[in-house]
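In our numbering, the protein residues as written are 3 to 277.
C-beta: ideal position from N, C-alpha, C; glycine also.
I have placed the structure first, in the form of C-alpha cells, so that the comments after it can refer back to it.
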C-alpha cells in the first residue's frame with residue numbers, strides 16, 4: 003500500500019498534544035524525531051484538503067510546520083530501517099529489529115519488524131505498557147492484546163508464560179505484521195485476528211491489554227468488562243494524562259477498580275482490576 007508521510011517540526015511541549023490529535027485522524031503510524039514527528043497515512047484514507055484544513059486550524063493554537071511526502075509501498079522498509087533504533091525498558095525488556103545486535107542484560111528480548119504497524123516501544127504508551135506488564139503474573143494466564151499493532155505486547159505476554167494469547171487489530175496490515183513478528187520471536191501460537199473485538203470471541207481473559215486511544219477505549223469498555231475474567235486485569239494506555247480521569251471514571255462505572263497509574267511525557271497508563 004502507498005502512504006503519505008507528514009513531517010512535522012514542532013517544539014517539545016506540544017508534540018504529545020499534536021500526536022494525540024493526529025491519532026483521531028486516519029493516521030496509523032507515528033515516529034518521533036529530534037525535530038518533531040512523522041505521521042503516516044494510507045493513500046486510500048488521505049483527504050489532503052480536509053487534513054490541511056484541520057492542520058491549519060491547529061496551527062492557530064500551537065506553532066508547527068509540516069511537509070508531505072509520498073511513499074510508494076516498496077520504499078517503506080527503507081524508511082523505518084533508517085530510523086529504528088533499539089530500546090531497553092529498564093532491565094526488563096529489550097526491543098530491536100532483526101538487523102540489530104542482540105540486547106544485553108535484559109530478561110526478555112523482542113525482535114520487531116514494524117512495517118506500517120504501531121508498536122516498537124519507542125512511544126511512551128508502549129513503553130509504559132511493557133513497564134506495567136512487568137508487575138503482572140502472566141504465567142498460565144489467558145491474555146488479549148486489543149489493538150495489537152506490531153504484536154509487541156502479545157509477544158511479550160507469550161514470552162512471560164501466558165498459556166493463551168489472542169491479538170486483534172482493525173488494520174489488516176497490523177494483523178499480518180503481528181503474525182510475522184510472532185513467528186520471528188518463536189511465539190507462533192499467538193492467535194491473531196483481523197477486525198474488532200467481535201472477531202475474537204467472548205473470552206474470558208485474565209488480562210486484557212489495550213493500547214489504543216481514548217475514544218476506542220471508551221466505546222469498548224462494556225465489551226472489555228464482559229470479556230475480562232473475574233478476577234482479572236485491564237491495562238490501558240493511548241490516553242493523555244488530561245483524559246485519565248474521564249477514562250478511569252467510565253471504567254469504574256462498568257465495575258473496574260483503578261489500582262495503578264503511571265505517566266510518561268503527556269501520556270498515562272492505567273491498571274484496573276475486576277474482582
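The C-beta distance from residue 181 to residue 160 rounds to 13 Å, too long to meet the 8 Å contact threshold. Going by beta carbons, residue 6 and residue 66 fall outside the 7 Å limit.
Straight across, the Cα-Cα distance linking residue 208 with residue 256 is about 17 Å. The alpha-carbon separation between residue 39 and residue 13 amounts to approximately 10 Å. Rounded to the nearest whole angstrom, the C-alpha separation of residue 247 and residue 238 is 13 Å. Of all alpha-carbon atoms in 132, 63, 55, the one lying nearest the alpha-carbon of residue 89 is that of 132. Here residue 137 is exposed. Its C-beta has fewer than 16 other C-beta atoms within 10 Å. Here residue 197 is exposed. Its C-beta has fewer than 16 other C-beta atoms within 10 Å. Taking the Cβ atoms as the reference, residue 218 lies roughly 18 Å from residue 153, outside the contact range of under 8 Å. For residue 61, the enclosing alpha helix (DSSP H) stretches over residues 50-61.
With contacts defined by Cβ atoms closer than 7 Å, residue 114 and residue 213 do not form a contacting pair. Residue pairing by DSSP places residue 247 opposite no residue, since no beta bridge is assigned to it. In summary, residue 265 is exposed, with fewer than 16 beta-carbon neighbours lying within 10 Å of its beta-carbon over all protein chains present.
Bounds of the beta strand (DSSP E) holding residue 33 are 31-34. Non-local C-beta neighbours of residue 240 in its own chain, meaning closer than 6 Å and more than five positions away in sequence, comprise 127, 213, 214, 215, ordered along the chain. Per DSSP, the unbroken beta strand (DSSP E) holding residue 44 starts and ends at 38-44.
Boundaries of the alpha helix (DSSP H) harbouring residue 131: 126-135, taken from the DSSP string. Between residue 202 and residue 147, the CB-CB gap reaches or exceeds 7 Å.
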